[in-house]
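Peer 1: Please read through the structure below; I'll follow up with questions.
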Ligand SMILES: Nc1ncnc2c1ncn2[C@@H]1O[C@H](COP(=O)(O)OP(=O)(O)OP(=O)(O)O)[C@@H](O)[C@H]1O
Ligand SMILES: [Mg+2]
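As structure tokens, this is what we get:
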């Protein structure tokens, strides 16, 4: 099922949690909503589910205007951050709940509900735990039951709010791979919220980066990582270094020297240069480069992080060198970013 | 240096880590004894005296009082009033607690205060309010009377006063419980396609059932035992508008001590049954009660 969010705005008591958000999701896609705390990820997910009403804008499921529909009619599977399993029901009853509450005509017989529940338990690899209560399960198992329960109603869209948020790193990685497998097997259109970029980049077909109630960028993992379209995305996803620069006639200047990077379309004036610390080339002679003296050097796992003072110590940038690289011993290093972007300086 | 490490070791010696309090054994015994004596004098002794007085002249006078038509009618009225007031307050209490705990609306704080009102005003005043509302000099009273409906000095008035006085028990018990549980489970049920009623029946109610039972027990105990408010609106008509507590008073004022205590012993018995039920619930379902207060 395609999902289209069209110019949605959401206010809580006048406080805008989302400003004019638009998003197109293709059928069968696995989408991650990624952003810092308070950026509006949960709010967007709850709006799609129908747990909140948009202040303005519409949400479409396929061609149908879902904003007119109640949560029950939308038929979405929602997995809550803290699972919200019904504690007085067994695992099987939890999973069967969505079928049990269907109106008479469409409600499957009891035996059929039981069969579906145990089928889903097999799918989430918890066969044999039908009779347990939620309190008798581990966090990871509860998470799986919550997912099975959401899938039991054959939802048109599967929505997960920080599905692995409360689990330890090991279990998270396992469940991540497993969620991808389930997604590929069932083909549900799936949207999940996370503030873990590794999770988003690894798992999702496309990542929606959010900040302060706005969508900053939508793209595949490669797109948002390699060509971030805003300073925020540059800073939020992966490591980044930045340096204040000046643009003059399509040339980038650091202090009083051009550094050999051309940016024909950028307007003249102050700007900020962004690049990845590891995505640089080291130069011997400095004929158009960024040069600086080594201020600090740290070993980080398989690489060496070097902090350079640029332009007489007024600016610090970080770059990454291979451990064995001879430049690591030098006190003065010249380099040029291989992949980079300038953004006009923001008035602050 | 040596001294320092020695004192540090002494600080963690078993004697000082096992007991969090520093009181000696004597102090503890003294406190316990004080509490027990207090309980005995102020709770146990009166209870024993009630039964002792009731059976002072043996079984015969006791039964004479109990099978007296006026007593029977008082018992019947008390049970009737409780049978009406408790279910109504169960419904009102659940509805009020549900609204307060699960929804955001203007005037919520005011509603919460209002629920506490019956606890904070004297029962006599609660009764007087109904006299003002339905009395001979009120607007409502004569109007209802013209349709043949008697409120004051009749069963409806007693029921109303009892409902008013016992209203907070169920709501008070449920509000903190429901607030703590939040709306997550309800939202999950809705997202799975359940309608409002199914959500309440299958999800909310099981989550609150022990708290609810507790509230109902307390509500029932008070409904049967209420004196002040009922006394004002009842009119003390023997065989008609006398509840058990009122009947006790009448018998006592007639210097019929045995009779008064006999009826009082019935009330005390009801209270004991309530307490026993509550204790059984706690023992039998203590685990479930704790579980329903959170994962
Ligand atoms: N029910 C509400 N009432 C008032 N404000 C709300 C409500 N829900 C969310 N907000 C506000 O809207 C903003 C976005 O909240 P939201 O829960 O969507 O953030 P989030 O991106 O999910 O953050 P997190 O990663 O911490 O879960 C926050 O500033 C929050 O305070
Ligand atoms: Mg959130």
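Protein chains in written order, with full-length UniProt numbering: chain A, 1 to 348; chain B, 1 to 295.
C-beta: ideal position from N, C-alpha, C; glycine also.
Skipping 5 residues on each side, what residues in its chain have a beta carbon closer than 7 Å to that of residue 211(B)?
Peer 2: 173, 174, 177
Peer 1: Can you list, in chain order, the residues of its chain with a C-beta nearer than 7 Å to that of residue 259(B)? Leave out the 5 residues immediately preceding and following it.
Peer 2: 65, 251
Peer 1: In terms of alpha-carbon separation, which member of 123(A), 111(A), 254(A) lies closest to residue 270(A)?
Peer 2: 254(A)
Peer 1: Compute the beta-carbon to beta-carbon distance between residue 273(A) and residue 243(A), rounded to the nearest angstrom, for a pair I have assumed lies under 8 Å.
Peer 2: 5 Å
Peer 1: Sorted by chain position, which residues of the same chain lie with C-beta nearer than 7 Å to residue 239(B)'s C-beta, five sequence neighbours on each side aside?
Peer 2: 69, 70, 73
Peer 1: Taking C-alpha atoms, which residue in 173(A), 168(A), 146(A), 64(A) lies nearest to residue 161(A)?
Peer 2: 146(A)
Peer 1: Terminal residues of the continuous beta strand (DSSP E) containing residue 262(A)?
Peer 2: 257 to 262
Peer 1: Which residues in the same chain have their Cβ closer than 8 Å to the Cβ of residue 37(A), if we skip the five residues on either side of it in sequence?
Peer 2: 195
Peer 1: DSSP state of residue 291(A), grouped into three classes?
Peer 2: strand
Peer 1: With a threshold of 16 other CB atoms inside 10 Å of the CB of residue 215(A), please say whether the residue is buried or exposed.
Peer 2: buried
Peer 1: Examine ligand 2 and report whether any of its heavy atoms sits within less than 7 Å of the Cβ of residue 162(A).
Peer 2: For ligand 2, at least one heavy atom lies less than 7 Å from the Cβ of residue 162(A).
Peer 1: At a Cβ cut of 8 Å, what residues of the region 188 to 216 of chain B count as close to chain A, listed as they run along the chain?
Peer 2: 188, 189, 190, 191, 192, 193, 194, 195, 198, 202, 203, 206, 207
Peer 1: Residues bridged to residue 217(A) by DSSP?
Peer 2: 209(A)
Peer 1: Below 8 Å, how does it come out for the region 179 to 197 of chain B and the region 109 to 123 of chain B: are there three or more Cβ pairs, yes or no?
Peer 2: no
Peer 1: For residue 183(A), collect the residues of the same chain with a Cβ closer than 7 Å to its Cβ; drop the 5 residues on either side in sequence, then sort them by chain order.
Peer 2: 30, 190
Peer 1: So for residue 267(A), helix, strand or coil by DSSP?
Peer 2: coil
Peer 1: Cβ-heavy atom distance between residue 193(A) and ligand 1 below 7 Å?
Peer 2: yes
Peer 1: Opposite residue 274(A) in the DSSP bridges: which residues?
Peer 2: Bridge partners of residue 274(A): 242(A), 341(A).
Peer 1: Along the region 76 to 98 of chain A, what residues have a CB closer than 7 Å to any CB found in chain B?
Peer 2: 76, 78, 80, 82, 84, 86, 87, 88, 97, 98
Peer 1: For residue 2(A), which beta-bridge partners are listed by DSSP?
Peer 2: The partner list for residue 2(A) (beta bridge, DSSP) is empty, contrary to what the question assumes.
Peer 1: Is the Cβ of residue 174(B) closer than 8 Å to any Cβ of chain A?
Peer 2: no
Peer 1: In the DSSP assignment, what are the bridge partners of residue 280(A)?
Peer 2: DSSP output for residue 280(A) lists 337(A) as bridge partner(s).
Peer 1: Helix, strand or coil: which one does DSSP assign to residue 14(A)?
Peer 2: coil
Peer 1: Cβ of residue 81(A) within 8 Å of Cβ of residue 165(A)?
Peer 2: yes
Peer 1: Looking only at DSSP bridge pairs, what is residue 24(A) linked to?
Peer 2: 4(A)
Peer 1: Short check: CB of residue 56(A) to CB of residue 9(A), under 8 Å?
Peer 2: yes
Peer 1: Hey, how far is the Cα of residue 207(A) from the Cα of residue 47(A)?
Peer 2: 18 Å
Peer 1: Residues of chain B with CB under 9 Å from residue 149(A), in chain order?
Peer 2: 188, 192
Peer 1: Would you say residue 271(A) faces chain C, with C-beta separation under 8 Å as the test?
Peer 2: Within the model displayed, chain C is absent; protein chains A and B are what it includes.
Peer 1: Please list, in chain order, the chain B residues whose beta carbon lies closer than 9 Å to that of residue 51(A).
Peer 2: 187, 190, 191
Peer 1: Buried or exposed for residue 199(A), please, with buried defined as at least 16 other CB atoms from any protein chain shown within 10 angstroms of its CB.
Peer 2: buried
Peer 1: Taking 8 Å as the threshold (beta carbon to beta carbon), is residue 102(A) in contact with chain B?
Peer 2: yes
Peer 1: Under 8 Å: do the region 316 to 334 of chain A and the region 276 to 296 of chain A share three or more Cβ pairs, one atom per stretch?
Peer 2: Between the region 316 to 334 of chain A and the region 276 to 296 of chain A, the count of C-beta pairs closer than 8 Å reaches three or more; the two stretches touch.
Peer 1: Could you give the distance in angstroms between the alpha-carbon of residue 252(A) and the alpha-carbon of residue 4(A)?
Peer 2: 40 Å
Peer 1: Does DSSP put residue 121(B) in a helix, in a strand, or in coil?
Peer 2: Coil, per DSSP.
Peer 1: Please determine, among 128(A), 11(A), 62(A), the residue with the shortest C-alpha to C-alpha distance to residue 52(A).
Peer 2: The residue with the shortest Cα to Cα distance from residue 52(A) is 11(A).
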